[in-house]
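Visitor:
There are 2 protein chains.
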Amino acid sequence: VSDLDRTAVESANLAFYRALASRELARMDEVWWRDDSVSCIHPGWHRLEGWSEVRRSWEVIFVNARPWQVGCEQTRIVLAGDVAFVTCVEVIALTVADPDDGPARMQATNIFSRRDGDWRLLHHHASPWQPQGASEEESVN
Amino acid sequence: VSDLDRTAVESANLAFYRALASRELARMDEVWWRDDSVSCIHPGWHRLEGWSEVRRSWEVIFVNARPWQVGCEQTRIVLAGDVAFVTCVEVIALTVADPDDGPARMQATNIFSRRDGDWRLLHHHASPWQPQGASEEESVN
Chain P
315 VSDLDRTAVE SANLAFYRAL ASRELARMDE VWWRDDSVSC IHPGWHRLEG WSEVRRSWEV
375 IFVNARPWQV GCEQTRIVLA GDVAFVTCVE VIALTVADPD DGPARMQATN IFSRRDGDWR
435 LLHHHASPWQ PQGASEEESV N
Chain H
315 VSDLDRTAVE SANLAFYRAL ASRELARMDE VWWRDDSVSC IHPGWHRLEG WSEVRRSWEV
375 IFVNARPWQV GCEQTRIVLA GDVAFVTCVE VIALTVADPD DGPARMQATN IFSRRDGDWR
435 LLHHHASPWQ PQGASEEESV N
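Protein sequence lines correspond, in order, to chains P and H.
Note that the first sequence ends on residue 455 in this note's numbering; no numbers are left out.
Note that the second sequence ends on residue 455 in this note's numbering; no numbers are left out.
Take a look at the structure:
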């Protein structure tokens, strides 16, 4: 596994998060394979299958989202030939946020494949995550 | 992509869920690659890296778990050379359950790789999921 491959996958992953931050559908179009092989599991959603369903979900998300900042931490890349999977922690904070609201954190698994030298997303799975030690809301019964 | 490959991946995925159902660590040993490349994101947990950390987590889960039944539904397989990713809905029900408790459902992403003809797990990501239309607990404020 060359450092070049690793850098290419890291770039593809960052391009995805820049697309997410931009809330521009045209940028999502550029980072996914636009065919039936792709799938997506948004936090709490059922699995979406194929580019048409996945694209529609980003459309809905972008229409409803307020300006936000998106970070990507603890990135880990595993390469296996023309497929790579990236795991990372997504950090999403509204640009204009209530002072009491911290950023949302998600654990993410992103699977990329390479075709003709181009790395793009095959699958995205994100799920809510609360770092250990953070205060949790307790119910009072 | 041959039907044989697809069947081999489907079998590897079922072997993982049989290992989960058995709560026997020795069976988990047989379905994962036991090296530093593997990782695991259990529902609500931080990412675990490398077989030693992942194995320990199954040990803790199996020690604490009561007998359960494990199902795997809506299985979808995408093959890309020597890597395959499987998405499915995990259905986990305690064998002796409170009549009011339904099974837990998780959206799962399982990544397998093939080495010397053998398909095993590289990565498992599971997150809680509630089917649409199911009644949700509402807080009374």
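All C-beta atoms in this analysis are idealised placements derived from N, C-alpha and C, irrespective of residue type, glycine included.
None of the values given here were measured: they were computed from a predicted structure.
1. Interface residues of chain P around S351 (chain H) at Cβ under 9 Å?
2. L408 (chain H) touches chain P at which residues, Cβ-Cβ below 8 Å?
3. Do you know offhand how far F330 (chain H)'s Cα is from M342 (chain H)'s?
4. Beta-carbon separation of V397 (chain P) and V397 (chain H) under 9 Å?
5. Apart from the five residues on each side of it in sequence, which residues of its chain come closer than 8 Å, Cβ to Cβ, to V403 (chain H)?
6. Can you list, in chain order, the residues of its chain with a C-beta nearer than 8 Å to that of R361 (chain H)? Leave out the 5 residues immediately preceding and following it.
7. Looking at C-alpha atoms only, which residue of H:A335, H:D349 and H:G395 is the closest neighbour of F426 (chain P)?
8. Nearest chain H C-beta to W372 (chain P) closer than 9 Å, yes or no?
9. Looking at chain H, is there any beta carbon in it that lies within less than 9 Å of the beta carbon of W359 (chain P)?
10. So, with DSSP's three-state summary, where would you put A340 (chain H)?
11. Using a C-beta cutoff of 9 Å, does V397 (chain H) count as contacting chain P?
12. Please go through the same chain and pick out, in chain order, the residues whose beta-carbon is closer than 6 Å to the beta-carbon of F399 (chain H), but skip the five residues on each side of it.
13. Mapping the DSSP letters down to three states, classify W346 (chain P) as helix, strand or coil.
14. Would E452 (chain P) count as contacting chain H if we go by Cβ distances under 9 Å?
15. DSSP three-state call for D319 (chain P): helix, strand or coil?
Guide: Let's see:
1. Mapped onto the second sequence, residue 351 (chain H) falls at position 37. What S351 (chain H) touches in chain P: V392 and A394.
2. Residue 408 (chain H) sits at position 94 when you count from the first residue of the second sequence. Taking the beta carbon of L408 (chain H) as reference, no residue of chain P falls within 8 Å; the closest one sits roughly 22 Å away.
3. As a working note, residue 330 (chain H) is residue 16 in the second sequence. As a working note, residue 342 (chain H) is residue 28 in the second sequence. Rounded to whole angstroms, F330 (chain H) to M342 (chain H) spans 7 Å at the Cα level.
4. Here the question's residue 397 (chain P) lines up with position 83 in the first sequence. Here the question's residue 397 (chain H) lines up with position 83 in the second sequence. The beta carbons of V397 (chain P) and V397 (chain H) sit closer together than 9 Å.
5. On the second sequence, residue 403 (chain H) is found 89 positions in, with the first residue counted as 1. Cβ neighbours of V403 (chain H) beyond the five flanking positions: C386, E387, Q388, R419, M420, Q421, A422 and W443.
6. For the purposes of this step, residue 361 (chain H) is identified with residue 47 of the second sequence, where counting begins at 1. For R361 (chain H), same chain residues with a beta-carbon under 8 Å away, outside a window of 5 residues either side, are S353, C354 and I355 in chain order.
7. Taking the first residue of the first sequence as 1, we reach residue 426 (chain P) at position 112. Closest by alpha carbon: H:G395.
8. Walking along the first sequence from the start, residue 372 (chain P) turns up at place 58. With 9 Å as the cut-off, W372 (chain P) does not count as an interface residue toward chain H.
9. Numbered from 1 along the first sequence, position 45 holds the residue referred to as residue 359 (chain P). At least one C-beta of chain H is nearer than 9 Å to the C-beta of W359 (chain P).
10. Counting from one through the second sequence, the residue named residue 340 (chain H) turns up at place 26. Three-state result, A340 (chain H): helix.
11. Residue 397 (chain H) sits at position 83 when you count from the first residue of the second sequence. V397 (chain H) counts as touching chain P.
12. For this step, residue 399 (chain H) is matched to residue 85 along the second sequence. V392 and I425.
13. Along the first sequence, one-based indexing puts residue 346 (chain P) at 32. For W346 (chain P), the three-state secondary structure derived from DSSP is strand.
14. As a position in the first sequence, residue 452 (chain P) is number 138, starting the count at 1. The predicted position of E452 (chain P) is uncertain, since its pLDDT is 41 and thus under 50; a value taken from the coordinates is nonetheless stated next. Not a single C-beta of chain H is nearer than 9 Å to the C-beta of E452 (chain P).
15. By 1-based counting over the first sequence, the position of residue 319 (chain P) is 5. In the displayed model, D319 (chain P) falls within a helix according to three-state DSSP.
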